[in-house]
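Residue numbers (this note's numbering): 1007 to 1290.
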């Protein structure tokens, strides 16, 4: 399945809404370069999705296309706190068209979303979880739970265990009630990603931030892979000739760094890759 976390990080009195996720899809195999964070085309909000990809991806795509054709959604005249109703309606409309729906053990559709952004109407960060209501038998938007008085959204696998681990890290860092979060949720995500015993959470981490001045910023990650430094972006390792103009989080040194970028430099140099041996034809 997956693990997605949304929280509010405070840096020098400035709040930034953070969204993170792993990059693992499972379904008979493992695909470890799957995007799970989706910036919406208005630059003040984004979606993280978890669940069965057979309809989670189509639903997110329909939400993004709805913004393209509705001017008030696109130019932010409709605040995120109002747009959330359209997002819920689209999710319900799409699920209504499913004829063989994938459900969880409790009978709910295997699908949930975090909607994160910044509300110009209320001048504050905005975090909601969209999930299934068993009483109304529809998807709905609900407030996130809190840890130490601060909202934090968790969807996917092992939600309660993840929340407990985040709380323990805040205790380790002596964060008081209503104190400021830093990158503790990312530490928990990386613990799950790097655990070889956990199959459903893996791949490369992915992250984006949303600021009060209505600006969304994707984040890359710098990490070691088979002895080489690798930069990943939304779950995909960059090609050696690609440039990256956004901040990069160095997982080893726990700091943000930048790539020296020449915007005019993009020299195609086809990479030598390993044979795709995993796609062998089955023996008859």
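All C-beta atoms, glycine included, are put in the ideal place defined by N, C-alpha and C.
Same chain, Cβ closer than 8 Å to residue i, five either side skipped, listed in chain order
i: residue 1006; result: Outside the shown range of the chain (1007 to 1290) lies residue 1006, about which nothing can therefore be said.
i: residue 1096; result: 1065, 1068, 1069, 1072
i: residue 1194; result: 1011, 1168, 1171, 1172, 1175
Secondary structure of residue i, DSSP reduced to three states
i: residue 1090; result: helix
i: residue 1025; result: strand
i: residue 1212; result: strand
i: residue 1173; result: helix
i: residue 1191; result: helix
i: residue 1039; result: coil
i: residue 1119; result: strand
i: residue 1205; result: coil
i: residue 1145; result: strand
Cα-Cα separation between residue i and residue j, rounded to whole angstroms
i: residue 1137; j: residue 1249; result: 37 Å
i: residue 1192; j: residue 1180; result: 17 Å
i: residue 1016; j: residue 1076; result: 33 Å
i: residue 1196; j: residue 1081; result: 36 Å
i: residue 1123; j: residue 1132; result: 5 Å
i: residue 1025; j: residue 1265; result: 22 Å
i: residue 1130; j: residue 1182; result: 21 Å
i: residue 1348; j: residue 1125; result: The requested residue 1348 does not occur in the structure, where the chain is confined to residues 1007 to 1290.
i: residue 1127; j: residue 1154; result: 26 Å
i: residue 1253; j: residue 1226; result: 6 Å
i: residue 1027; j: residue 1261; result: 18 Å
i: residue 1030; j: residue 1019; result: 34 Å
Chain-order list of residues whose beta-carbon lies under 6 Å from that of residue i (same chain, five-residue window excluded)
i: residue 1240; result: 1041, 1212
i: residue 964; result: Here the chain comprises residues numbered 1007 to 1290, so residue 964 is not present and cannot be evaluated.
i: residue 1148; result: 1135
i: residue 1228; result: 1237, 1254, 1256
i: residue 1063; result: none
Cβ shell of residue i (< 7 Å), same chain only, five flanking positions each side left out
i: residue 1049; result: 1220, 1221, 1222
i: residue 1061; result: 1100, 1101, 1104, 1117
i: residue 1014; result: 1021, 1023, 1131, 1156, 1157, 1187
When the options are compared against residue i, the one with the closest alpha-carbon
i: residue 1224; options: 1064, 1251, 1073, 1201; result: 1251
i: residue 1043; options: 1021, 1018, 1131, 1012; result: 1012
i: residue 1100; options: 1083, 1126, 1156, 1145; result: 1145
i: residue 1163; options: 1021, 1119, 1095; result: 1119
i: residue 1216; options: 1098, 1053, 1095; result: 1053
i: residue 1047; options: 1071, 1253, 1061, 1035; result: 1071
i: residue 1098; options: 1204, 1200, 1229, 1143; result: 1143
Heavy atom of the ligand SAH within 7 Å of residue i beta-carbon
i: residue 1086; result: For the structure depicted, the ligand SAH is absent and the ligand set is empty, with no information on it obtainable.
Discussion item. If we require 4 or more residues per run, which alpha helix (DSSP H) segments fall completely within the region 1041 to 1108?
Written reply: Listed in chain order, they are 1059 to 1075, 1077 to 1080, 1086 to 1102.
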